[in-house]
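Working notes, structure below.
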Amino acid sequence: MSILVTGATGTIGSLVVQGLAAAGAEVSAFVRTSGKQSFPAGVKEVVGDLTDVPSMRAALSSVRTLFLLNAVTPDEVTQALVALSLAREAGIERIVYLSVIHADKFTDVPHFTGKHTVERMIESLDIPATILRPAYFMQNDRMVQQVIQGYGVYPMPIGSSGVAMIDARDIADVAVAELLRRDRAPAPLPRVTLELVGPERLTGESVAKLWSAALGRDVTYGGDDVAAFEAQMASSGPSCLAYDMRLMMAGIQKFGMHGADGAVDRLQAMLGRPLRNYADFIKEAVAAA
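For what it's worth, the UniProt record's numbering labels the leading residue of the sequence shown as 1, then goes sequentially.
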């Protein structure tokens with residue numbers, strides 16, 4: 001029996017596959033297109049689609065544990081609910097689901113409310129699962145690195161309420177730890193929800209200062225204009241996704257994005273090391289540019 005990783009070619013999923021393989025687990029990587037990405041030796045590539053029931057049934061037929069990750073798409077909720085139902089049908093009782101922090105609070109943000117719907121299914125059916133609720137990924141800022149370095153502006157309108165950004169590698173490491181914990185347990189484990197947050201609360205102004213220090217030049221915060229942010233996003237991608245991101249940024253400005261007291265200590269105890277910080281992320285990003 002193996003661990004099936006959906007979203008296996010994405011930022012988090014690929015790291016989870018690598019981490020599980022390094023730990024000696026039997027891993028199946030669920031992909032839509034064969035050969036798109038090179039996986040570690042021993043990893044089995046399984047071709048299918050989360051919206052294609054026969055391929056999902058086949059992929060789940062010999063699986064003990066499931067890592068469920070859905071991309072932000074218009075049919076994300078359908079994908080997740082069908083996958084969970086098929087997992088229950090296959091008798092899978094060890095699941096780790098990647099949700100998002102404050103899924104129950106950002107009620108007007110489509111992909112947040114979608115993930116909260118999935119969480120409600122897990123809870124109402126008492127599915128033995130770990131629900132991971134990550135905050136804003138540090139790696140999101142790689143998308144605007146050229147703007148930061150070329151124009152001296154940090155353009156993400158995250159406001160001043162505080163965002164506990166987390167490194168994608170820390171998210172993946174927690175996911176691997178939970179998958180192994182559940183997979184190796186002699187019986188299904190109780191449901192648990194983990195907030196995945198970084199070690200510091202960052203604002204638009206403080207992030208700009210960190211980039212300034214790393215680059216040795218002035219970087220300013222671009223401000224809180226979410227309408228301008230939406231327009232920029234829509235110029236290079238689907239308008240529905242751009243509006244979704246606008247609503248998320250408005251929620252971040254209003255509520256912030258950080259975990260409950262003790263969340264950081266809990267994660268560091270699980271990992272046995274400190275969480276990565278944003279200043280180190282910048283150093284790596286600049287070195288890799």
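Beta carbons: idealized from backbone N, C-alpha and C, even for Gly.
Quick one: what does DSSP say residue i is sitting in, helix, strand or coil?
i      : result
PHE67  : strand
TYR151 : helix
SER34  : coil
ALA135 : coil
LEU4   : strand
VAL27  : strand
ALA90  : coil
VAL109 : coil
LEU202 : strand
VAL197 : coil
ALA213 : helix
ILE127 : coil
Hey, would you say residue i sits closer than 8 Å to residue j, going by beta carbons?
i      : j      : result
ALA58  : GLY10  : no
VAL63  : TYR97  : no
PHE67  : ASP167 : no
ARG217 : PHE229 : no
MET56  : ILE158 : no
ALA263 : ARG142 : no
ILE127 : ILE95  : yes
LEU60  : ALA90  : yes
By alpha-carbon positions, which one of the options ends up nearest to residue i?
i      : options                           : result
SER2   : ARG182, LEU275 and GLY223         : ARG182
PRO54  : GLY42, ALA83, PRO74 and LYS283    : ALA83
ALA242 : ARG217, ALA164, TYR221 and MET156 : MET156
PRO186 : ASP224, THR65, LEU50 and ALA289   : THR65
GLU162 : VAL192, ARG201, LEU194 and PRO190 : The residue you asked about is not Glu; residue 162 is Gly in the sequence shown. When only C-alpha atoms are compared, the closest one is ARG201.
ILE252 : LEU189, THR203 and ALA175         : THR203
CB-CB under 6 Å to residue i, same chain, minus the five flanking residues each way: which ones, in chain order?
i     : result
GLY13 : VAL5, GLY7 and LEU69
LYS44 : SER28
Which same chain residues end up closer than 7 Å to residue i when comparing Cβ atoms and leaving out the 5 residues on each side of it in sequence?
i      : result
LYS115 : SER99, VAL100 and ALA103
TRP211 : ILE148, TYR154, VAL219 and ILE282
MET257 : ILE101, HIS102, ALA135, TYR136, VAL163 and ALA164
I'd like the list of long-range same chain contacts for residue i, defined as Cβ closer than 8 Å, with 5 residues on each side in sequence excluded.
i      : result
ASP244 : VAL72, VAL109, PRO110 and HIS111
Check: Between the region 14-23 and the region 77-86, are three or more C-beta pairs nearer than 8 Å?
Finding: no
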